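The next block holds one structure in the form of structure tokens; read it before the comments.
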Amino acid sequence: MNFDQLLSAYELKLAAAFREAIEEIRSSVVLARVIERLERGDINGAVEAMQIEPEAFSALEIALQEAFNAGGTNAVGELPRVMDPQGNRVIWRFGVRNPVAEAILRHLSSTMVTHITDDQRQGIRQALEQGLARGANPRSTALDVVGRQSRVTGRREGGVIGLTRYQIEFIERARVHLASGDPEQMKRYFELKTRDKRFDRTVMAAIRAGKPVTGDALTRIIGRLRDKNLLLRGEMLARTETMMALGSARDEAMRQQIEAGKVQAQDVKKRWHSAGDNRVRHTHRVLNGQAVGIDEVFQSPSGATLRYPGDPRAPISEISGCRCWCEFDVDYIAAGLRRYRARAA
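Be aware that the sequence shown starts at 1, since it is given in UniProt numbering, and climbs by one per residue.
Quick look at the structure:
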């Protein structure tokens with residue numbers, strides 16, 4: 001498997017695991033408990049009743065672990081066949097149980113899940129506060145968050161669970177615009193790339209009539225907007241987390257070879273490769289083809305430094321949606337000459 005195939009395969013696995021986690025959380029919510037706490041004005045209690053817990057994302061953590069292991073194995077698989085000074089073939093291996101590798105994986109996994117759960121709780125609290133503030137009753141507010149049960153699939157749809165707090169804010173603005181009755185504000189709906197175009201006629205008819213979109217029509221439009229943004233959220237999260245796992249594992253795999261004495265750090269360079277299409281961000285087009293030492297960093301035109309594509313220490317603007325990868329160049333000739341000179345001396 002080349003890097004693109006690896007990224008595609010594990011991106012799909014992580015996206016599916018994320019969707020399954022959100023579906024499990026939605027289906028486990030006891031709606032009556034959430035409503036009862038909202039009726040008491042206990043928003044924090046309503047959030048807690050939804051049980052957005054790290055354990056809900058265990059399948060996502062497992063998918064991340066698989067991606068990490070595959071990334072390291074892929075990196076050593078790319079290294080050529082060479083012989084050591086004694087004439088024995090050098091065996092390249094990636095140890096996923098290596099203490100450093102385990103520490104990297106634990107950090108990636110815990111950071112991912114903590115970010116998801118913390119952001120979820122903040123976003124849900126925000127959505128509940130907004131619902132009650134605009135005068136919606138506790139049941140309607142709870143359903144807007146948890147989702148309404150589809151008569152076709154039996155699953156909850158159109159809720160905010162799984163969305164980032166920024167997506168929740170964005171969708172709330174869309175709801176306000178459609179419910180405003182102001183034609184200029186309502187027209188902004190057509191600028192949304194994640195809207196369901198099947199509702200365009202409904203919105204246009206309301207604009208022409210000079211009336212707001214209300215009732216069931218507004219609920220369905222906003223519900224579909226939430227569903228489509230949830231798909232986008234899963235795809236972007238999966239791409240970013242997969243890239244971080246693959247990039248971290250490939251870097252660690254090369255360092256394990258150095259630590260084992262199979263190659264020396266001074267003989268290793270890492271070369272940046274972009275995906276090579278018009279979707280590549282400008283900063284990464286500039287980095288394409290650049291090579292630095294294994295312990296050096298790539299300098300982005302943005303000012304950020306990256307150890308490798310998908311570096312979790314880099315700003316999110318440099319890693320979100322990235323599809324670049326690093327190739328490791330080993331100067332075997334220099335290594336051989338150094339051994340020859342050492343023997344001659």
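Think of the CB as a built atom: it goes at the ideal place given N, C-alpha and C, for glycine as much as any other residue. Only a predicted model underlies this, so the values are computations on that prediction, with no experimental measurement involved.
Can we say the region 244-260 touches the region 100-116, given the rule of at least three CB pairs closer than 8 Å?
-> yes
Looking only at C-alpha atoms, which of 69, 162, 321 and 115 sits nearest to residue 240?
-> 321
Apart from the five residues on each side of it in sequence, which residues of its chain come closer than 7 Å, Cβ to Cβ, to residue 60?
-> 14, 17, 18 and 21
Span of the alpha helix (DSSP H) holding residue 72?
-> 58-77
With respect to the beta strand (DSSP E) encompassing residue 293, which residues constitute its N-terminal and C-terminal limits?
-> 291-293
State whether the region 114-122 contacts the region 41-60, with contact taken as three or more CB pairs (one from each stretch) at a distance under 8 Å.
-> yes
Residue of 281, 27, 317 and 12 minimising C-alpha distance to residue 150 | 27
Give the DSSP-derived three-state secondary structure of residue 197 in the structure shown.
-> helix
Residue 38 and residue 138: beta carbons closer than 8 Å?
-> yes
What is the rounded straight-line gap between the Cα of residue 84 and the Cα of residue 238?
-> 40 Å
Beta-carbon proximity of residue 401 to residue 304, cut-off 8 Å = As displayed, the chain neither begins before 1 nor continues past 345, which places residue 401 out of reach and without an answer.
Alpha-carbon to alpha-carbon, residue 63 and residue 10 | 7 Å
Leaving out five residues on either side along the sequence, give the residues of the same chain with a beta carbon under 7 Å from the beta carbon of residue 252.
-> 72, 100, 101 and 104
Residue 272 vs residue 212 beta-carbon contact at 8 Å | no
Close-in-space but distant-in-sequence residues of the same chain around residue 300 (CB under 7 Å, 5 per side omitted) = 283, 287, 306 and 318
Alpha-carbon to alpha-carbon, residue 132 and residue 223 | 18 Å
What separation, rounded to the nearest whole angstrom, lies between the Cα atoms of residue 5 and residue 153?
-> 32 Å
Write down every uninterrupted run of the alpha helix (DSSP H) in the region 11-62 whose length is 4 residues or greater and which is fully enclosed by it, in chain order.
-> 31-39 and 43-49
Backbone secondary structure at residue 269 - three-state DSSP = strand
Determine the extent of the beta strand (DSSP E) in which residue 311 is found, giving its start and end residues.
-> Per DSSP, residue 311 belongs to no beta strand (DSSP E) and is neither H nor E.
Can you round the beta-carbon distance between residue 177 and residue 189 to whole angstroms, since I take them to be within the 8 Å contact cut?
-> 6 Å
Bounding residues of the beta strand (DSSP E) (the contiguous stretch that carries residue 327) = 325-330
Classify residue 214 as helix, strand or coil using the three-state DSSP reduction.
-> coil
Who are the Cβ neighbours of residue 88 in its own chain at under 7 Å, not counting the five residues just before and after it?
-> none
Given a threshold of 16 other Cβ atoms within 10 Å of its Cβ, counted over all protein chains shown, does residue 144 qualify as buried or as exposed?
-> buried
Touching or not, the region 325-333 and the region 260-272, by the rule of three or more beta carbon pairs under 8 Å?
-> yes
Are residue 29 and residue 262 touching if we call contact CB-CB under 8 Å?
-> no
Same chain, Cβ closer than 8 Å to residue 125, neighbours up to 5 away in sequence not counted = 43, 44 and 47
Consider the C-beta atom of residue 265 and the heavy atoms of the ligand PLP; say whether any pair is separated by less than 7 Å.
-> Ligands are entirely absent from the displayed structure, and the ligand PLP is therefore not among its contents.
Have a look at 230, 233 and 186 and flag the residue whose alpha-carbon is nearest the alpha-carbon of residue 214.
-> 186
So what does residue 306 bridge to, in DSSP terms?
-> 298
Select from 134, 142 and 226 the residue whose C-alpha is nearest the C-alpha of residue 163.
-> 226
Which partner residues does residue 149 have in the DSSP bridge list?
-> 156
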